[in-house]
Structures are given as structure tokens and as C-alpha cells.
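*Asks:*
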Amino acid sequence: MKEWVSDLTKGLGVNVVYDSVGKETFKQTIELVGRRGDMVLYGAASGPVDPINPLTLTRNSIYLSRPTLSDFIPTFAEKKERINDLLSALLSGALELPAIQTFTFEQATQAHRLLESGMAGGKLAFTTE
Numbered sequence: 033m034k035e036w037v038s039d040l041t042k043g044l045g046v047n048v049v050y051d052s053v054g055k056e057t058f059k060q061t062i063e064l065v066g067r068r069g070d071m072v073l074y075g076a077a078s079g080p081v082d083p084i085n086p087l088t089l090t091r092n093s094i095y096l097s098r099p100t101l102s103d104f105i106p107t108f109a110e111k112k113e114r115i116n117d118l119l120s121a122l123l124s125g126a127l128e129l130p131a132i133q134t135f136t137f138e139q140a141t142q143a144h145r146l147l148e149s150g151m152a153g154g155k156l157a158f159t160t161e
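FYI, the working numbering numbers position 90 of the sequence shown as 122, with every residue one higher than the one before it.
(1) In this structure, what does DSSP give as the bridge partners for residue 48?
(2) Identify which residue in 61, 56, 103 has its Cα closest to the Cα of residue 79.
(3) Using DSSP bridges, identify the partner residues of residue 157.
(4) For residue 52 and residue 140, I'd like the C-alpha separation in whole angstroms.
(5) Where does residue 40 land, buried or exposed, given buried means 16+ other C-beta within 10 angstroms?
(6) Alpha carbon to alpha carbon, how far is residue 86 from residue 67? Give it in angstroms, no decimals.
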């Protein structure tokens with residue numbers, strides 16, 4: 033991926049990387065961040081990222097953040113208001129949900145690999161049939 037991104041950005045790297053996978057992808061994705069870019073960890077599907085040496089961030093002066101929803105929507109009232117806004121947008125057709133990929137329990141390993149790869153592109157669900 034690093035070579036592909038380098039070719040695409042003419043060696044500059046990307047402005048921001050959003051990583052929801054965590055442990056399995058962090059070392060690769062931080063290499064994609066360009067000068068003064070942002071590395072945003074917002075999930076840990078493959079487990080928490082190992083502790084890092086802050087000097088890692090000096091390469092390209094990278095900003096690293098690990099936001100949590102409760103810091104952006106701190107009260108129940110605000111959460112309820114945002115949920116109502118979201119549901120209204122869904123019901124009006126202003127938003128469309130991505131397709132949900134379904135797997136049998138026998139396909140659990142395949143589903144987990146897809147989730148860890150960051151290529152799921154939406155929700156995964158297991159069926160009992």
C-alpha cells in the first residue's frame with residue numbers, strides 16, 4: 033500500500049489516515065501520513081495499538097489522536113438529539129445505509145479477516161441459517 037500511496041501522492045503522503053483496525057494496521061498506515069499530517073485512531077478491531085515511542089511522530093511532524101465519542105457527545109440529551117436527527121435523515125431518504133454483508137458462523141474466520149483488513153465497507157452480520 034505504501035508504494036501505491038506514494039505513487040498517487042507523488043511521494044508526499046496523505047493528509048490524514050483514519051484507522052479503525054488498530055494493532056494489525058498501525059505500523060503500515062502511519063507510514064502513509066505526509067508532512068504535518070494526522071493519524072486518527074478511532075477503533076481497535078484487531079486489538080489496541082502497541083505503545084509507541086513519541087519520536088515516531090517526528091517523521092513528518094505527524095499529529096496522532098485517539099478520539100472517543102463521549103468527548104464529542106458528552107450528554108445523553110445531545111446524544112438523543114443527534115440520534116433523532118440521524119433517524120430523520122434516514123427516514124426521509126437523505127441518507128442511504130451501505131449493504132450489510134452476512135456470514136454464516138462457519139464463515140466467522142473469513143468475516144474476521146475482512147473486518148481486520150479494513151475493507152469491509154460497512155457492517156458485517158452473522159445469520160443462523
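Ideal Cβ placement from N, Cα and C applies to all residues, glycine included. Note that the structure is a prediction, hence the values are computed from the model and not measured.
*Replies:* Let me lay it out:
(1) The sequence position of residue 48 within the sequence shown is 16, counting from 1. According to DSSP, residue 48 bridges with 70.
(2) The residue labelled residue 79 in the question sits at position 47 within the sequence shown. Comparing Cα positions, the closest option is 56.
(3) Here residue 157 refers to the residue found at position 125 of the sequence shown. According to DSSP, residue 157 bridges with 134.
(4) Your numbering for residue 52 matches position 20 in the sequence shown. Your numbering for residue 140 matches position 108 in the sequence shown. Cα to Cα, the separation comes out at about 19 Å.
(5) Here the question's residue 40 lines up with position 8 in the sequence shown. Residue 40 comes out exposed.
(6) Residue mapping note: residue 67 aligns to position 35 of the sequence shown, counting from 1. Residue mapping note: residue 86 aligns to position 54 of the sequence shown, counting from 1. Rounded to the nearest angstrom, the two C-alpha atoms are 16 Å apart.
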